[in-house]
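Trainee:
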Amino acid sequence: MLIDFLFELRARKLPVSTHEWMALMEAMALGLHESSLDGFYHLCRTICVKDIAQYDAYDEAFLAYFKDIHVESLKLTEAIRSWLADPKNLEGLTEEQRQAIAELDLERLRELFEQRMKEQKERHDGGNRWIGTGGTSPFGTNGKNPTGMRVGGGGGRSAMAVADERRFKEYRRDVVLDVRQIDVALRGLRRLGREGALDELDLDETIDKTSRNAGDIDIVFRPPRRNRVKVLLLMDVGGSMDPHAELVSRLFTAASRAGRFAKFRSYYFHNCVYNSVYEDAEFRKGVPTADLIANSDRDEKLVIVGDALMHPAELLDPGGSMYLYSHQRASGIEWLRRLAAHFRSAAWLNPEPDRFWTGTTIEVVASVFGMWPLTLDGLAASVRYLVRGGARPSVGDPAKWMKAVLG
Amino acid sequence: MSDAFDTFDQFCGTASYIASDELRHAVNVAVALARPLLVRGEPGTGKTLLAENLASSLGLPLIRWHVKSTTKAKDGLYVYDTVARLHDSRFAGDGVDVRDIARYIKLGPLGQALDAPSRVVLLIDEVDKADLEFPNDLLHELDAMRFRIEETGREVAARERPIVIITSNNEKELPDAFLRRCVFHYIQFPTRELMIEIVRVHHPDITDRVLDNALEVFFGLRATPKLRKKPSTSELIDWICALKKAGVDLSRVSGGIPFLGTLLKTEQDVELVGKRAKA
Chain G
1 MLIDFLFELR
11 ARKLPVSTHE
21 WMALMEAMAL
31 GLHESSLDGF
41 YHLCRTICVK
51 DIAQYDAYDE
61 AFLAYFKDIH
71 VESLKLTEAI
81 RSWLADPKNL
91 EGLTEEQRQA
101 IAELDLERLR
111 ELFEQRMKEQ
121 KERHDGGNRW
131 IGTGGTSPFG
141 TNGKNPTGMR
151 VGGGGGRSAM
161 AVADERRFKE
171 YRRDVVLDVR
181 QIDVALRGLR
191 RLGREGALDE
201 LDLDETIDKT
211 SRNAGDIDIV
221 FRPPRRNRVK
231 VLLLMDVGGS
241 MDPHAELVSR
251 LFTAASRAGR
261 FAKFRSYYFH
271 NCVYNSVYED
281 AEFRKGVPTA
291 DLIANSDRDE
301 KLVIVGDALM
311 HPAELLDPGG
321 SMYLYSHQRA
331 SGIEWLRRLA
341 AHFRSAAWLN
351 PEPDRFWTGT
361 TIEVVASVFG
371 MWPLTLDGLA
381 ASVRYLVRGG
391 ARPSVGDPAK
401 WMKAVLG
Chain Y
1001 MSDAFDTFDQ
1011 FCGTASYIAS
1021 DELRHAVNVA
1031 VALARPLLVR
1041 GEPGTGKTLL
1051 AENLASSLGL
1061 PLIRWHVKST
1071 TKAKDGLYVY
1081 DTVARLHDSR
1091 FAGDGVDVRD
1101 IARYIKLGPL
1111 GQALDAPSRV
1121 VLLIDEVDKA
1131 DLEFPNDLLH
1141 ELDAMRFRIE
1151 ETGREVAARE
1161 RPIVIITSNN
1171 EKELPDAFLR
1181 RCVFHYIQFP
1191 TRELMIEIVR
1201 VHHPDITDRV
1211 LDNALEVFFG
1221 LRATPKLRKK
1231 PSTSELIDWI
1241 CALKKAGVDL
1251 SRVSGGIPFL
1261 GTLLKTEQDV
1271 ELVGKRAKA
């Protein structure tokens, strides 16, 4: 029956292999799950899930699969029976309470428990009904009901409750991005080559030379391997990018770390790239885009960060920039095409969630640049594309709605 | 099989190391299945200490392998010291037999662990520090627990599979093939209750009131949004140590946290916390 759980896990994109599943079976044969659902929850997670980012998906799968089974009913009944059998637990109870215990029989207690376990969805503290901590409900821990059963607390908690809490939600990969995670993703962006000062001993060459030299030691040095990737980063700031400012600054922090790339330059633009980009986010020091293109090595990796969201006219009309005083000769899209044509590999990272891309200027820009959402997965995919090439993600056809907008 | 069964549930933490139930369970599963245990978690949650304490609680020797950015997988098995041999071939006296290659083979930490006469605990610390391909290069040796020294043809095989603890700071993604062979545990940041236990192990004489005040400040700091580096368990223990040595009573201190430098390690964080305290 457990094989279905394997497929439940795989259906949630957890990369559990046969190898790991066999290990789990072996572990269960050894009794490592301690014949309990709690034990199984931890055992299976330990063996099959190797990434904290996947813990939440595991919790979901576990909940979905084990939701309807009897909640450890046998084990709990046994626990209650022995608990009640221990006269120590009855000390300090009043006559009345002892009477109440006799009244609340085990079968009924168990039925009630299971029923509430199914109904209850949240953590619960205090109160007189739900399973939780404190309060006077018959179920839970640290409570005051004399005939209640203890659930979790102290030495470990029920797996269902742990899974239900979904403590690992914040580690999910599709949402969070801190500087360190970006760092990790950017490490993929490299091509190693030997360049620079000779400060590493080349052993093979030394031995070779020495033997040719009839045993007279001749030491050969070579330059160490360094990352040769050069990066040009263009960032959209202001306006609709304001909500994403924090995220973009994290990307910048990670990308600009010293020694990461052979060369790293960054410029700012607003809305779309027009005939100038700027060295500062206040748009004081402009650099003509044409000069930027002319002075850039075609092998530099161009990374553009922006939401690509604007009025279609701002993108498509010549002189469409909101800076009306600067007379634009080419439209925004034309500048983007020139950039795309110059650089051999380029990627556009969009902080806007990709479900909002259809029917906007994002689609037009994505037809010029390969575009990925600015999430950990998106960043990793764009890095792979920049280093190894491959297919760009497909986007919708902007022609469909553009006519309607532009008339 | 029965052998694995005997070893199950051996590790229960030690007097100076408090392990959560989940961690204990993970360690014991790894030992029983004879697979490496990969431990991840925030810095300062005791990943490296785990191996030390596991070794001392099982009474086994510990071999450490601290991985650095320049570490190669082969270095862990053995190093053939060609430069020394080259040197000896020219300058050494008569007593040295340069033809004996084995003299110039030095076993690395993994090599030593496999060559050990009895069971050992091997710690591979910060496996993600090295090159991306590093873990892949270890796959075979960790699986088969044997390797061959090419230069001499000698085969080194483990008499008893070492218990392997691998730590990682999540800096790099580890390859799937490597992960598949490991048992994984993520050390969660301790809850307040567990933290009380941990602090008590290190500072047995601390009073409830002092501990309460210290934890109040500590968890308050950790909850500060936008902190670049949250203070960790080891930093809390150092901080309490500093407080004790200086005889500072937290409940009487007003205006700022004393010895903030032991808890926060970047200027931005210190500034941020300072600003919030004023506000």
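Protein sequences appear in the order of chains G and Y. So for the first sequence, the working numbering puts the first residue at 1; every next one is plus one. So for the second sequence, the working numbering puts the first residue at 1001; every next one is plus one. Virtual Cβ for every residue (Gly too), placed ideally from N, Cα, C.
So, helix, strand or coil for LYS1074 (chain Y), using DSSP?
Mentor: Within the second sequence, numbered from 1, the residue matching residue 1074 (chain Y) stands at position 74. Judged by DSSP in its simplified three-state form, LYS1074 (chain Y) adopts helix.
Trainee: Would you mind stating whether HIS1185 (chain Y) and ALA1032 (chain Y) have Cβ atoms separated by less than 8 Å?
Mentor: Indexing the second sequence from 1 puts residue 1185 (chain Y) at position 185. Indexing the second sequence from 1 puts residue 1032 (chain Y) at position 32. Not closer than 8 Å, so no.
Trainee: List, in order along the chain, the chain G residues whose C-beta lies closer than 8 Å to that of ALA1032 (chain Y)?
Mentor: What you label residue 1032 (chain Y) is simply residue 32 of the second sequence in a count that begins at 1. Contact of ALA1032 (chain Y) with chain G by beta-carbon distance below 8 Å involves ALA27, LEU30, LEU32.
Trainee: Would you check if the stretch 1073 to 1083 of chain Y and the stretch 1104 to 1114 of chain Y touch, i.e. whether three or more CB-CB distances between them fall below 8 Å?
Mentor: yes
Trainee: I need the DSSP call for ALA1084 (chain Y), collapsed to helix, strand or coil.
Mentor: Position 84 of the second sequence, counting from 1, holds the residue named residue 1084 (chain Y). Helix, per DSSP.
Trainee: Counting only C-beta atoms, is PRO15 (chain G) closer than 8 Å to chain Y at any point?
Mentor: Counting from one through the first sequence, the residue named residue 15 (chain G) turns up at place 15. Cβ-Cβ to chain Y under 8 Å: yes for PRO15 (chain G).
Trainee: Going by the beta-carbon positions, is the gap between LEU315 (chain G) and CYS272 (chain G) smaller than 8 Å?
Mentor: Residue mapping note: residue 315 (chain G) aligns to position 315 of the first sequence, counting from 1. Residue mapping note: residue 272 (chain G) aligns to position 272 of the first sequence, counting from 1. Yes, these two residues count as a Cβ contact at 8 Å.
Trainee: Going by beta-carbon coordinates alone, are SER1234 (chain Y) and GLY1013 (chain Y) separated by less than 8 Å?
Mentor: The residue given as residue 1234 (chain Y) occupies position 234 in the second sequence. The residue given as residue 1013 (chain Y) occupies position 13 in the second sequence. In this structure, GLY1013 (chain Y) does not lie closer than 8 Å to SER1234 (chain Y) by Cβ.
Trainee: Can we say the stretch 1157 to 1177 of chain Y touches the stretch 1033 to 1041 of chain Y, given the rule of at least three CB pairs closer than 8 Å?
Mentor: Two segments are said to touch when three or more pairs of C-beta atoms, one from each, lie closer than 8 Å; by this definition the stretch 1157 to 1177 of chain Y touches the stretch 1033 to 1041 of chain Y.
Trainee: Go ahead and pull the three-state DSSP assignment for GLU200 (chain G).
Mentor: One-based indexing of the first sequence puts residue 200 (chain G) at position 200. GLU200 (chain G): strand per DSSP, three-state reduction.
Trainee: Cα-Cα, which of G:ARG284, G:ALA308, G:ARG260, G:ASP202 is closest to PRO223 (chain G)?
Mentor: Mapped onto the first sequence, residue 223 (chain G) falls at position 223. The shortest C-alpha separation from PRO223 (chain G) is found at G:ASP202.
Trainee: Could you name the residues of the same chain whose beta carbon sits closer than 6 Å to that of VAL220 (chain G), not counting the 5 residues immediately before and after it, in chain order?
Mentor: Working through the first sequence from its first residue, we reach residue 220 (chain G) at position 220. Only ASP202, GLU205, THR206, LYS209 meet the Cβ criterion.
Trainee: Would you say LYS301 (chain G) and SER256 (chain G) are within 8 Å of each other, going by their C-beta atoms?
Mentor: The count along the first sequence starts at 1 and reaches residue 301 (chain G) at position 301. The count along the first sequence starts at 1 and reaches residue 256 (chain G) at position 256. No.
Trainee: Which of the three DSSP states is assigned to GLY127 (chain G) in this structure?
Mentor: Taking the first residue of the first sequence as 1, we reach residue 127 (chain G) at position 127. Because GLY127 (chain G) carries a pLDDT of 49, less than 50, the predicted location of this residue cannot be relied on, and the following value inherits that uncertainty. In this structure, GLY127 (chain G) counts as coil in the three-state DSSP scheme.
Trainee: Around the Cβ of LEU1221 (chain Y), are there at least 16 other Cβ atoms within 10 angstroms (buried) or fewer (exposed)?
Mentor: Taking the first residue of the second sequence as position 1, residue 1221 (chain Y) is located at position 221. With 16 or more other Cβ atoms within 10 Å, it is buried.
Trainee: Verify the contact flag: ALA1034 (chain Y), CB atom, against every heavy atom of the ligand MG, threshold strictly below 7 Å.
Mentor: The ligand content of the structure shown is nil, which means the ligand MG is not present either.
Trainee: Skipping 5 residues on each side, what residues in its chain have a beta carbon closer than 7 Å to that of PHE1219 (chain Y)?
Mentor: Translated into the one-based positions of the second sequence, residue 1219 (chain Y) becomes position 219. ARG1192, listed in sequence order.
Trainee: Confirm, please, whether the CB-CB distance from VAL1029 (chain Y) to ALA29 (chain G) is below 8 Å.
Mentor: Stepping through the first sequence from its first residue, residue 29 (chain G) is reached at position 29. Stepping through the second sequence from its first residue, residue 1029 (chain Y) is reached at position 29. Going by C-beta atoms, ALA29 (chain G) is not nearer than 8 Å to VAL1029 (chain Y).
Trainee: Using 8 Å as the threshold, is the C-beta distance between LEU1058 (chain Y) and PHE1011 (chain Y) below it?
Mentor: In the second sequence, counting from the first residue as 1, residue 1058 (chain Y) sits at position 58. In the second sequence, counting from the first residue as 1, residue 1011 (chain Y) sits at position 11. A contact, by the Cβ cut-off of 8 Å.
Trainee: Do you know offhand how far PRO1135 (chain Y)'s Cα is from ILE1206 (chain Y)'s?
Mentor: The residue given as residue 1135 (chain Y) occupies position 135 in the second sequence. The residue given as residue 1206 (chain Y) occupies position 206 in the second sequence. Here the alpha carbons of ILE1206 (chain Y) and PRO1135 (chain Y) stand approximately 43 Å from one another.
Trainee: So is HIS1185 (chain Y) in contact with chain G if we call contact Cβ pairs under 8 Å?
Mentor: For the purposes of this step, residue 1185 (chain Y) is taken as residue 185 along the second sequence, with counting starting at 1. By this cut-off, HIS1185 (chain Y) is an interface position.
Trainee: Does any CB atom of chain Y fall closer than 8 Å to the CB of GLY238 (chain G)?
Mentor: For the purposes of this step, residue 238 (chain G) is identified with residue 238 of the first sequence, where counting begins at 1. False, the Cβ-Cβ gap to chain Y never drops below 8 Å.
Trainee: Could you give the DSSP three-state label for ASN1213 (chain Y): helix, strand or coil?
Mentor: Reading the second sequence from its first residue, position 213 is the one you call residue 1213 (chain Y). In the structure shown, ASN1213 (chain Y) adopts helical secondary structure according to DSSP, grouped into three states.
Trainee: Would you call the stretch 267 to 281 of chain G and the stretch 246 to 256 of chain G in contact, with 3 or more CB pairs under 8 Å?
Mentor: no
Trainee: Beta-carbon within less than 7 Å of PRO1231 (chain Y)'s beta-carbon, same chain only, minus the 5 sequence neighbours each way: which residues are those?
Mentor: Residue 1231 (chain Y) sits at position 231 when you count from the first residue of the second sequence. Correct list, in chain order: PHE1218, LEU1221, ARG1222, LEU1263, LEU1264.
Trainee: Would ILE1063 (chain Y) and LEU1194 (chain Y) qualify as a contact pair, given that the criterion is a beta-carbon distance under 8 Å?
Mentor: Taking the second sequence and counting its residues from 1, one reaches residue 1063 (chain Y) at position 63. Taking the second sequence and counting its residues from 1, one reaches residue 1194 (chain Y) at position 194. No, Cβ-Cβ distance for ILE1063 (chain Y) and LEU1194 (chain Y) is not below 8 Å.
Trainee: Which residues, in order along the stretch 1196 to 1217 of chain Y, keep a beta-carbon less than 7 Å from a beta-carbon of chain G?
Mentor: none
Trainee: Under 7 Å Cβ-Cβ, which residues of chain G neighbour SER1069 (chain Y)?
Mentor: For the purposes of this step, residue 1069 (chain Y) is taken as residue 69 along the second sequence, with counting starting at 1. Scanning chain G for C-beta atoms nearer than 7 Å to the C-beta of SER1069 (chain Y) yields nothing, as the closest lies near 11 Å away.
Trainee: Taking Cβ to Cβ, would you say LEU1142 (chain Y) is nearer than 8 Å to TRP1065 (chain Y)?
Mentor: What you label residue 1142 (chain Y) is simply residue 142 of the second sequence in a count that begins at 1. What you label residue 1065 (chain Y) is simply residue 65 of the second sequence in a count that begins at 1. No, they are not a contact pair.
Trainee: Taking C-alpha atoms, which residue in G:ASP236, G:PRO15, G:ALA197 lies nearest to ASP1176 (chain Y)?
Mentor: Along the second sequence, one-based indexing puts residue 1176 (chain Y) at 176. Distances from the alpha-carbon of ASP1176 (chain Y) to those of G:ASP236, G:PRO15, G:ALA197 put G:PRO15 closest.
Trainee: Near MET371 (chain G), which residues of its chain fall below 6 Å by C-beta distance, leaving aside the five closest residues on each side in sequence?
Mentor: As a position in the first sequence, residue 371 (chain G) is number 371, starting the count at 1. These residues qualify, in order along the chain: TRP348, ASN350.
Trainee: First and last residue of the beta strand (DSSP E) that includes HIS1185 (chain Y)?
Mentor: What you label residue 1185 (chain Y) is simply residue 185 of the second sequence in a count that begins at 1. Element bounds for HIS1185 (chain Y): 1183 to 1187.
Trainee: For TRP21 (chain G) versus LEU37 (chain G), is the C-beta distance shorter than 8 Å?
Mentor: In the first sequence, residue 21 (chain G) corresponds to position 21, counting from 1. In the first sequence, residue 37 (chain G) corresponds to position 37, counting from 1. No, Cβ-Cβ distance for TRP21 (chain G) and LEU37 (chain G) is not below 8 Å.
Trainee: Can a CB atom of chain G be found closer than 8 Å to the CB of HIS1025 (chain Y)?
Mentor: Locating residue 1025 (chain Y) in the second sequence gives position 25, counting from the first residue. Yes, contact with chain G.
Trainee: Which chain G residues are close to LEU1089 (chain Y), counting only those with a beta carbon under 8 Å from its beta carbon?
Mentor: For the purposes of this step, residue 1089 (chain Y) is identified with residue 89 of the second sequence, where counting begins at 1. Reading the sequence as shown, one finds Ser at residue 1089 (chain Y) and not Leu. In chain order: GLY215.
Trainee: Using three-state DSSP, classify ASP1125 (chain Y) as helix, strand or coil.
Mentor: Here residue 1125 (chain Y) refers to the residue found at position 125 when the second sequence is read from its first residue. In the structure shown, ASP1125 (chain Y) sits in a strand (DSSP, three-state: E or B).
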